[in-house]
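See structure below.
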Amino acid sequence: MTFQKCLTICCVALAIACGRADAQQNRRGRAVLSIPKVENKDIICFALYTVHDSTLKLTAQLYPIAEADTKTVRLEIEKDGKWVEVARTTAVEQGWTAPFRVENWDDSRTCRYRVAHGTEATYEGIIRRNPVDQDEIVVAGFTGNSIHPAHGGDISRQDIIDNVKKVDADVLFFSGDQVYDHNRHYAAWLKFGRDFGEIIKERPTLCLPDDHDAGQPNLWGESGKISTLSGASDGGYSRPGVYVREVERAQTSHFPDPADPHKVGQGIGVWFTNLNWGNVDFAILEDRKFKTGPAGRVPKQGPRPDHIRNPDYDPASVDVEGAVLLGERQLRFLDNWAQDWRHADMKVALSQTIFCGGAHIHGSANGRLHADMDSNGWPQSGRNRALDALRKGFAFHCAGDQHLATIFQHGIDEHRDAIWSFCVPSIANLYLRWWEPLEPGRNRETGAPEYTGDHLDGFHNKVTNHAAANPEKKPAGNILNTRAAGFGIVRLNTATRQITMECWPRNVDITSSAAKQYRGWPRTISQFDNYNPRSWGKLGKITFDVEDPVVQLIHADTNEILYTVRANGQTFTPSAPKDNVFIVKAGKDAPDTIISTGMKAGSAPLAVTIN
Amino acid sequence: MRAECPARAPQESLFRYGINIERKERVIPSSAVNKPNFDSRLIIILRLGAFFCFAGWTWVHFYWEGPYGILVWQDATYVFAERIGIDWEEFVGSGADDGFVQKWVARIGWFYLICAVITVIVRKGSWIQMAALVGGSGLLTILSYAKYVASQRQPPMFIEHGGQILMPILLVTALALGVRHRVTVTTALLALVTTFAGHGCYALGLWPPPATFHAMTSVILDVGYDTANTMLHTAGILDFLVCIGIFLPPLRRMSALYAAAWGFVTAIARPVAGMSLSLNYWGADQFVHEAVLRAPHVFIPLFLFFLWREPQSAENVARPPGLTSDDSGTTRPITCTID
Chain A
10 MTFQKCLTIC CVALAIACGR ADAQQNRRGR AVLSIPKVEN KDIICFALYT
60 VHDSTLKLTA QLYPIAEADT KTVRLEIEKD GKWVEVARTT AVEQGWTAPF
110 RVENWDDSRT CRYRVAHGTE ATYEGIIRRN PVDQDEIVVA GFTGNSIHPA
160 HGGDISRQDI IDNVKKVDAD VLFFSGDQVY DHNRHYAAWL KFGRDFGEII
210 KERPTLCLPD DHDAGQPNLW GESGKISTLS GASDGGYSRP GVYVREVERA
260 QTSHFPDPAD PHKVGQGIGV WFTNLNWGNV DFAILEDRKF KTGPAGRVPK
310 QGPRPDHIRN PDYDPASVDV EGAVLLGERQ LRFLDNWAQD WRHADMKVAL
360 SQTIFCGGAH IHGSANGRLH ADMDSNGWPQ SGRNRALDAL RKGFAFHCAG
410 DQHLATIFQH GIDEHRDAIW SFCVPSIANL YLRWWEPLEP GRNRETGAPE
460 YTGDHLDGFH NKVTNHAAAN PEKKPAGNIL NTRAAGFGIV RLNTATRQIT
510 MECWPRNVDI TSSAAKQYRG WPRTISQFDN YNPRSWGKLG KITFDVEDPV
560 VQLIHADTNE ILYTVRANGQ TFTPSAPKDN VFIVKAGKDA PDTIISTGMK
610 AGSAPLAVTI N
Chain B
44 MRAECPARAP QESLFRYGIN IERKERVIPS SAVNKPNFDS RLIIILRLGA
94 FFCFAGWTWV HFYWEGPYGI LVWQDATYVF AERIGIDWEE FVGSGADDGF
144 VQKWVARIGW FYLICAVITV IVRKGSWIQM AALVGGSGLL TILSYAKYVA
194 SQRQPPMFIE HGGQILMPIL LVTALALGVR HRVTVTTALL ALVTTFAGHG
244 CYALGLWPPP ATFHAMTSVI LDVGYDTANT MLHTAGILDF LVCIGIFLPP
294 LRRMSALYAA AWGFVTAIAR PVAGMSLSLN YWGADQFVHE AVLRAPHVFI
344 PLFLFFLWRE PQSAENVARP PGLTSDDSGT TRPITCTID
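Which chain is which? The protein sequence lines are A and B, in order. Number 620 marks the last residue of the first sequence (the numbering used here); no jumps. Number 382 marks the last residue of the second sequence (the numbering used here); no jumps.
Okay, structure coming up:
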């Protein structure tokens with residue numbers, strides 16, 4: 010009996026302990042998510058579109074259609090004051106998406122459209138004309154759309170709506186984690202539509218599904234493999250293929266057609282492609298889908314297969330043979346894309362995350378991680394190949410995912426020899442991170458914080474930090490801006506070829522002179538900074554008889570393309586590695602004419618006739 | 044004579060269900076019914092279940108990391124730390140070094156290791172060791188609670204850990220009170236029911252199942268989502284049938300056997316689905332412990348299966364399941380007729 014008494018006391022003590030632990034839990038953090046019952050006239054929630062290469066693709070997102078109601082959805086445009094049907098489709102029941110495709114679209118005019126269902130429901134928006142005559146293309150960038158109240162996810166997005174309207178953004182870019190619910194993408198996607206539909210319906214919008222959208226905390230897609238390890242670091246998708254397909258249909262079926270449409274495992278499609286808008290060529294990348302999972306592939310270096318805690322580890326040991334980042338198909342696409350400058354003055358790569366380990370402290374309380382394989386800093390070889398492909402087109406990179414806004418210039422062989430990237434802040438920051446290197450950066454700008462400058466990330470990738478919107482260490486109030494929430498604006502000036510990055514906190518009027526950006530922003534760079542290593546020299550100035558020709562430099566001894574770029578104006582002074590000889594090709598829209606077979610640093614100026 | 048033969052009751056049940064079994068007689072040797080000997084074997088089953096459970100979690104704590112992040116990285120914990128006089132940087136580390144939390148999360152593994160050792164050496168009357176095992180159950184409760192919170196507070200996540208949480212307590216009660224004591228058997232039943240009910244809730248889709256459920260089914264059996272879904276639903280129904288069947292005397296042994304088999308299959312499914320020759324150590328360090336720490340899912344039903352298989356005295360047959368006459372250890376040969 011004594012024992013039984015002891016046992017009873019222990020059980021009661023345990024129950025009390027659990028109760029107290031439960032009471033300690035922050036119940037503010039639980040989001041309520043449901044699919045509201047709507048009337049038939051409101052059954053269309055929102056619509057997303059892109060126009061590319063004279064093809065309009067629009068996806069209407071509907072609330073559930075009753076069994077007895079028609080599944081047919083119509084797309085109409087306004088012509089001479091009347092609505093004219095241009096396409097119709099059947100809503101896909103799994104996720105209730107209605108994807109439309111209209112070819113031979115005249116993108117030179119703005120057009121009102123409406124999506125219609127049955128006799129009652131309509132949803133109106135505007136298909137913008139292609140802003141090819143604008144000098145400045147404005148991209149509004151977002152990531153991490155947490156709806157959890159604990160950190161302000163339940164606070165209205167109206168400030169974002171208002172600001173996007175004020176700057177009249179030409180393109181909306183949601184880099185990922187539009188949805189954080191791992192089981193109810195449809196319900197969360199509808200909420201996303203209710204929150205952002207007002208701005209999405211009027212401009213091309215790119216939503217890149219990331220790990221949380223696909224229903225898992227991290228994602229190494231491994232070409233559609235099935236993941237069976239909790240945390241998914243064995244590679245592949247945790248959720249069934251049918252779920253992932255629904256997610257991708259909802260978020261990406263309005264993208265321009267994929268560059269290489271072959272499906273991956275579980276029948277999951279691909280959507281990497283490009284969108285040419287306003288003479289800016291956007292590469293839309295999938296940096297998750299093909300990536301190898303680290304579990305079992307790399308030597309264990311920390312408490313999780315994808316985390317490296319040991320600062321003394323050998324970075325080369327994790328750069329294992331066979332580990333993939335973008336994959337061959339996507340790299341082939343990038344190689345072609347970087348050479349194709351038709352209707353393009355500038356190039357921008359959009360992807361889920363950045364090509365380096367862009368944070369040191371993970372979590373709300375000083376959890377230092379030497380390296381995180383969820384970032385594109387790993388595998389290093391794949392990272393370098395991707396950056397090499399991107400810099401060949403002088404592409405600027407915009408991404409998200411990190412929950413920490415940063416500006417990095419990447420390096421492959423030396424610091425600052427590759428592209429710049431802007432990681433935008435989270436709409437509402439679920440998980441805090443800090444860029445806080447232990448050593449001050451080298452070659453910092455005057456007055457810049459110690460965390461800026463040249464560094465090696467946890468994988469020994471060369472990176473140069475120019476800004477980091479670190480959250481407060483112990484956030485007062487712990488919602489939105491104290492957690493460094495916000496959004497990014499990228500201004501791409503096709504006339505001056507300048508790129509301006511802005512990083513705004515939430516709930517400010519960004520047109521007000523009193524509004525302040527996060528420290529380190531705004532930052533303006535030249536398009537040509539995206540591939541301008543300090544060790545290079547200048548070739549002779551080339552003068553053309555046409556405006557803005559496309560110029561390509563090819564290594565004379567290896568025939569390997571160094572880069573292709575559209576010059577700004579009638580003159581161009583190429584930069585290139587010293588002591589190398591180059592074949593130079595040029596043309597009005599493609600480098601189809603050899604203008605020199607032996608240029609090198611210090612060569613004499615050259616006058617070229619292309620026409 | 045029939046009353047002397049506890050093994051006969053199930054056979055009669057089979058007859059009632061129309062199953063014809065050839066009549067024959069055999070003499071059960073005295074060694075097979077030596078109660079202390081048999082009890083000690085049942086104890087070994089429980090020791091194995093508890094040992095593997097603690098050993099698996101020890102591996103998690105030392106080699107990987109315990110799942111406590113969700114509990115410790117939050118405001119309430121900081122407030123608690125401040126109340127007990129630990130400042131914030133000391134509590135969470137400076138960023139350049141580990142703080143109180145990181146150090147103690149790592150140290151918890153030692154408690155699991157100690158518990159694993161105790162499961163092997165603990166004897167009746169070793170009250171300190173038994174108290175430590177009860178403490179081990181407390182650790183498993185906290186761990187399960189952390190997983191429950193991480194799962195967005197899905198009750199089945201906590202419930203399905205019932206088998207693991209109760210495994211050490213079951214061993215303690217078996218040692219202290221006897222394997223057939225009411226408390227022991229009730230604890231075993233509770234452990235089995237919670238495990239299978241929690242699992243069944245997920246498999247039936249009453250709560251969104253962990254993604255690994257479908258994934259493992261698809262990978263191991265090479266079936267598509269729809270088939271995997273159907274199989275999980277079927278398994279979910281069987282999970283609940285087990286929870287009922289375990290209380291029905293004619294079905295309880297069959298239920299326990301099925302539960303042991305299914306517990307084994309679901310535990311071993313992790314390494315089977317995940318391990319590969321192409322991985323470092325074949326992926327063993329990633330997956331094997333996932334099977335090992337689920338040992339209670341196998342050994343608790345196995346314990347019940349063998350407990351109910353034991354030839355019992357006439358007195359025991361007349362008693363409700365789990366009740367015993369005494370632990371005197373008196374042995375005698377029994378001649379038994381099996382239908």
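Each residue gets a CB set at the ideal place from its N, CA and C atoms; glycine is no exception. Every value quoted in this text rests on a predicted model; they were computed, and no experiment measured them.
Minimum Cβ-Cβ distance from residue i to chain A less than 8 Å
i, result
"Asn80(B)", "no"
"Asp328(B)", "yes"
"Ser261(B)", "yes"
"Trp107(B)", "yes"
"Tyr155(B)", "no"
"Ala254(B)", "yes"
"Tyr301(B)", "no"
"Ala93(B)", "no"
Exposure label - residue i; buried when at least 16 CB within 10 Å
i, result
"Ala125(A)", "buried"
"Pro514(A)", "buried"
"Pro614(A)", "exposed"
"Pro72(B)", "Caution is warranted here: a pLDDT of 47 is assigned to Pro72(B), below 50, making its placement in the model unreliable, and the coordinate value is therefore given only provisionally. Exposed, by the Cβ-count rule."
"His551(A)", "Residue identity differs from the one stated: residue 551(A) is Ile in this sequence, not His. Under this definition Ile551(A) is a buried residue."
"Gly205(B)", "buried"
"Asn452(A)", "exposed"
"Lys78(B)", "buried"
"Thr184(B)", "buried"
"Tyr301(B)", "buried"
Selected residue, minimal CA-CA separation from residue i, among the options
i, options, result
"Ser321(B)", "Gly305(A), Phe299(A), Trp280(A)", "Gly305(A)"
"Leu186(B)", "Ile113(B), Gly243(B), Ile171(B), Ala231(B)", "Ile113(B)"
"Pro252(B)", "Pro270(A), Leu199(A), Asn192(A), Ser242(A)", "Asn192(A)"
"Phe3(A)", "Ile363(A), Glu145(A), Met382(A), Ala353(A)", "Because chain A here runs from 10 to 620, residue 3(A) falls outside it and cannot be looked at."
"Asp466(A)", "Phe405(A), Trp387(A), Thr261(A)", "Trp387(A)"
"Val256(A)", "Gly245(A), Val188(A), Arg313(A), Trp286(A)", "Val188(A)"
"Ile570(A)", "Arg400(A), Val327(A), Arg338(A), Lys234(A)", "Arg400(A)"
"Ala159(A)", "Thr520(A), Arg492(A), Asn539(A)", "Arg492(A)"
"Ala41(B)", "Leu345(B), Ala258(B), Cys286(B), Asp282(B)", "Examination of residue 41(B) is not possible in this model, given that chain B is present from 44 through 382 alone."
"Thr573(A)", "Pro449(A), Asp349(A), Asn516(A), Cys432(A)", "Asp349(A)"
"Leu84(A)", "Gly367(A), Asp62(A), Tyr58(A), Asp554(A)", "Tyr58(A)"
"Ser521(A)", "Val95(A), Thr128(A), Ala576(A), Asp168(A)", "Asp168(A)"
"Ile592(A)", "Ala599(A), Pro270(A), Thr618(A), Gln561(A)", "Gln561(A)"
"Gln389(A)", "His61(A), Val433(A), Arg203(A), Asp323(A)", "Asp323(A)"
"Arg212(A)", "Val47(A), Thr68(A), Lys594(A)", "Thr68(A)"
Contacts of residue i in chain B (Cβ-Cβ under 7 Å)
i, result
"Ser236(A)", "Ala258"
Within-8 Å CB hit, residue i to chain B
i, result
"Lys272(A)", "no"
"Pro314(A)", "yes"
"Asp243(A)", "yes"
"Pro158(A)", "no"
"Gln411(A)", "no"
"Gln225(A)", "yes"
Within-8 Å CB hit, residue i to chain C
i, result
"Val251(A)", "Note that chain C does not occur in the displayed structure, where the protein chains are A and B."
Partners in chain A for residue i, counting only beta-carbon separations shorter than 8 Å
i, result
"Tyr245(B)", "Going along chain A, no residue has its Cβ under 8 Å from Tyr245(B), so there is no contact; the nearest lies around 11 Å."
Amino acids of chain B, ordered along the chain, whose beta-carbon sits closer than 8 Å to that of residue i
i, result
"Ala304(A)", "Leu322, Gly326, Gln329"
Interface residues of chain A facing residue i [CB-CB closer than 7 Å]
i, result
"Pro292(B)", "Near Pro292(B) there are no residues of chain A at all, since even the closest Cβ is about 26 Å away, more than 7 Å."
"Pro251(B)", "Asn192"
"Tyr268(B)", "Pro249, Gly250, Val251"
Contact set between residue i and chain B, taken where Cβ atoms lie within less than 9 Å
i, result
"Pro308(A)", "Asn323"
Which ranges does the beta strand (DSSP E) cover as unbroken runs of at least 3 residues, wholly within the stretch 149 to 208 of chain A, from first to last along the chain?
180 to 183
Those runs of the beta strand (DSSP E) which lie wholly inside the stretch 346 to 410 of chain A and span at least 3 residues
355 to 359, 405 to 408
Can you list, in chain order, the stretches of the beta strand (DSSP E) that have 3 or more residues and sit fully within the stretch 199 to 274 of chain A?
214 to 216
Quick one: complete beta strand (DSSP E) runs, 3+ long, within the stretch 512 to 577 of chain A?
532 to 535, 551 to 553, 559 to 564, 570 to 575
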